[in-house]
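Engineer:
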Amino acid sequence: MGATVKASPANFAADNGENGAGKVSVLNLAQNHDVHHQNAHTRGDPTMFGAYWEKMSEKGTITFTGAQSMSYYSNTKSICWFLEPELEREIRRLHGVVGNTVEEEHYVVVGTGSSQLIQAALYALSPPDADLPVNVVCAAPYYSSYPEVADIVRSRSYKWGGDARSYDRDEPYIELVTTPNNPDGAIREPVVNKPQGTVIHDLAYYWPNYTAISSAANHDLMLFTFSKCTGHAGSRIGWALVRDKEVAKKMIKYMEVSTIGVSKDSQLRAAKILGVVSDSCCSHGAEEGFEDEDEEEDFFSFSRNILKERWQRLSQLVKASNLFTLQKYPTQYCRFAKDMTDTLPAFAWIRMTSNEGGMDCAELLKEQRILARSGTRFGVDNKFARVSMVSTDQEFNTFLQRLAIIQGTNPIYI
Numbered sequence: 001m002g003a004t005v006k007a008s009p010a011n012f013a014a015d016n017g018e019n020g021a022g023k024v025s026v027l028n029l030a031q032n033h034d035v036h037h038q039n040a041h042t043r044g045d046p047t048m049f050g051a052y053w054e055k056m057s058e059k060g061t062i063t064f065t066g067a068q069s070m071s072y073y074s075n076t077k078s079i080c081w082f083l084e085p086e087l088e089r090e091i092r093r094l095h096g097v098v099g100n101t102v103e104e105e106h107y108v109v110v111g112t113g114s115s116q117l118i119q120a121a122l123y124a125l126s127p128p129d130a131d132l133p134v135n136v137v138c139a140a141p142y143y144s145s146y147p148e149v150a151d152i153v154r155s156r157s158y159k160w161g162g163d164a165r166s167y168d169r170d171e172p173y174i175e176l177v178t179t180p181n182n183p184d185g186a187i188r189e190p191v192v193n194k195p196q197g198t199v200i201h202d203l204a205y206y207w208p209n210y211t212a213i214s215s216a217a218n219h220d221l222m223l224f225t226f227s228k229c230t231g232h233a234g235s236r237i238g239w240a241l242v243r244d245k246e247v248a249k250k251m252i253k254y255m256e257v258s259t260i261g262v263s264k265d266s267q268l269r270a271a272k273i274l275g276v277v278s279d280s281c282c283s284h285g286a287e288e289g290f291e292d293e294d295e296e297e298d299f300f301s302f303s304r305n306i307l308k309e310r311w312q313r314l315s316q317l318v319k320a321s322n323l324f325t326l327q328k329y330p331t332q333y334c335r336f337a338k339d340m341t342d343t344l345p346a347f348a349w350i351r352m353t354s355n356e357g358g359m360d361c362a363e364l365l366k367e368q369r370i371l372a373r374s375g376t377r378f379g380v381d382n383k384f385a386r387v388s389m390v391s392t393d394q395e396f397n398t399f400l401q402r403l404a405i406i407q408g409t410n411p412i413y414i
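Just so it is clear: in the sequence shown, position 32 is 32 by full-length UniProt numbering, and no numbers are missing.
(1) Check each candidate in A385, A270, G408 and I350 and name the one with the smallest Cα separation from E90.
(2) What is the DSSP secondary structure of Y254, reduced to helix, strand or coil?
(3) Verify whether the separation of the beta carbon atoms of T225 and G113 is less than 8 angstroms.
(4) At a cut-off of 7 angstroms, would you count L344 as near the ligand HEM, judging by its Cβ distance to the nearest heavy atom?
(5) For a test of the three-state rule: what should DSSP assign to M48, helix, strand or coil?
(6) Whose C-beta lies closer than 7 angstroms to the C-beta of R310 among residues of the same chain, with five residues either side of it excluded?
(7) Does the Cβ of R304 have 16 or more other Cβ atoms within 10 Å, making it buried, or fewer, making it exposed?
(8) In its own chain, which residues sit with a C-beta less than 7 angstroms from the C-beta of E291, not counting the 5 before and 5 after it?
(9) Go ahead and label Q116 buried or exposed: buried means 16 or more other beta carbons lie within 10 angstroms of its beta carbon, across all protein chains shown.
(10) Leaving out five residues on either side along the sequence, give the residues of the same chain with a beta carbon under 6 angstroms from the beta carbon of E363.
(11) Across which residues does DSSP place E175 in a beta bridge pair?
(12) Helix, strand or coil for S157 per DSSP?
(13) Quick check: what's the CA-CA separation for R351 versus R169?
(14) Between the C-alpha atoms of A337 and I405, what's the straight-line distance to the nearest angstrom?
(15) Using only CA atoms, which one of D342, F299, F300 and E297 lies nearest to Q312?
(16) Measuring straight from C-alpha to C-alpha, what distance separates D244 and E105?
(17) Buried or exposed: where does G358 fall if 16 or more other Cβ atoms within 10 Å of its Cβ makes it buried?
(18) If E175 and P190 are in contact, beta carbons under 8 angstroms, what's the gap, nearest whole angstrom?
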């Protein structure tokens, strides 16, 4: 008599509007959200990964019975009592396979995406007895939602303090370090470096499909998100690796009060998907690098190949005109691939070579029905704009076509 729900690894065809693509007149690469519901918090929608999960078919499918996951509790013996043991195992396993972080000495705290975890971390790190809110800073260009995350609840514990490069106060602060950085893909380190401060490392993009894994990150508080790792943004799962037990407890308390834990269904789906990613790397033989024609392509190879081809096409198109430039990235040795690899960010940080009269780069793109996010949202000049590189093939191809029109470029370059 119980209800059974079957969750497949990807439902992108139903979610990304492809069935009505011919009717869409505005290409939304800033927010990848219905243009009638644009808001400041929307992220780039990682629908590019859908093709891989369609290929994986039943490997990423999980079935829930009607009686499953009914309790609030997952593991009463764990400090994070709502964390599913399967998810913790797969999180630690994947980090071990990839080698992008040292997780053995850290507690795992799960959240509803990394957005909730940022709030939980700010709550946990804020001085409890301070007379004034602690300043939250980040070096510009910074992730555009950081100021809003810090200020939306008008907390008496913390508030947005602006660009870390100009922060010179002799008082406690919290610095957010995103590396690779959103929006520009740069590798970042703390900027303020004062004894009164604490640091949150947002490592959402520190995976081998975006950048070389140069070392195993080993910071006090590190944030990761399911959406940027595998593309499953709709599951709303993120996790923090926290060295200090008391900080972890405070973050967990924040989760208890705000949402009484995190969806078990989403956690179990995330565990299944992360397990598939680890399996693909192990069966492919990560120690042999990215190329092996005799084995099924691992997830990170698949993603890198798509991003590499997209970056090559975009770079070729931009070079055909002098209207825009792109950020340049180094080639680095990757411990996961055991080879030199390119940096392939999830976003293109586009710069107008000239913005006479104060022309906004995002506004120029909008004239050709491309919705990008202006540099002013990231704390820098409006001659910059951020464009998603992880949209569907159809959206990306349309973006190149419209960019070519703006540049007056021959279609041969796309």
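Positions of the beta carbon are idealized from the N, C-alpha and C atoms, including for glycine.
Structural biologist: Quick answer:
(1) Answer by Cα proximity: A270.
(2) In the displayed model, Y254 falls within a helix according to three-state DSSP.
(3) Contact flag set, yes.
(4) The model on display carries no ligand, and the ligand HEM is accordingly not part of it.
(5) Here M48 carries a helix assignment [DSSP, helix/strand/coil].
(6) Around R310: M389 and F396.
(7) By the neighbour-count criterion, in which 16 or more other beta carbons inside 10 Å mark a residue as buried, R304 falls on the buried side.
(8) Any reading at E291 must be qualified, since the residue scores a pLDDT of 47, below 50, and its modelled position is unreliable; no value is offered.
(9) The Cβ neighbour count for Q116, taken over all protein chains shown within 10 Å, is at least 16; the residue is labelled buried.
(10) Within the same chain, E363 has no close Cβ partners at all.
(11) Assignment of beta-bridge partners to E175 by DSSP yields V137 and V199.
(12) DSSP places S157 in coil when its eight states are reduced to three.
(13) The alpha-carbon atoms of R351 and R169 are separated by roughly 32 angstroms.
(14) Cα to Cα, the separation comes out at about 38 angstroms.
(15) When D342, F299, F300 and E297 are compared, the shortest CA-CA separation from Q312 is found for D342.
(16) Cα to Cα, D244 sits roughly 9 angstroms from E105.
(17) With fewer than 16 other Cβ atoms from the protein chains shown falling within 10 Å of its own Cβ, G358 counts as exposed.
(18) The pair is a contact, with the Cβ atoms about 6 angstroms apart (cut-off 8 angstroms).
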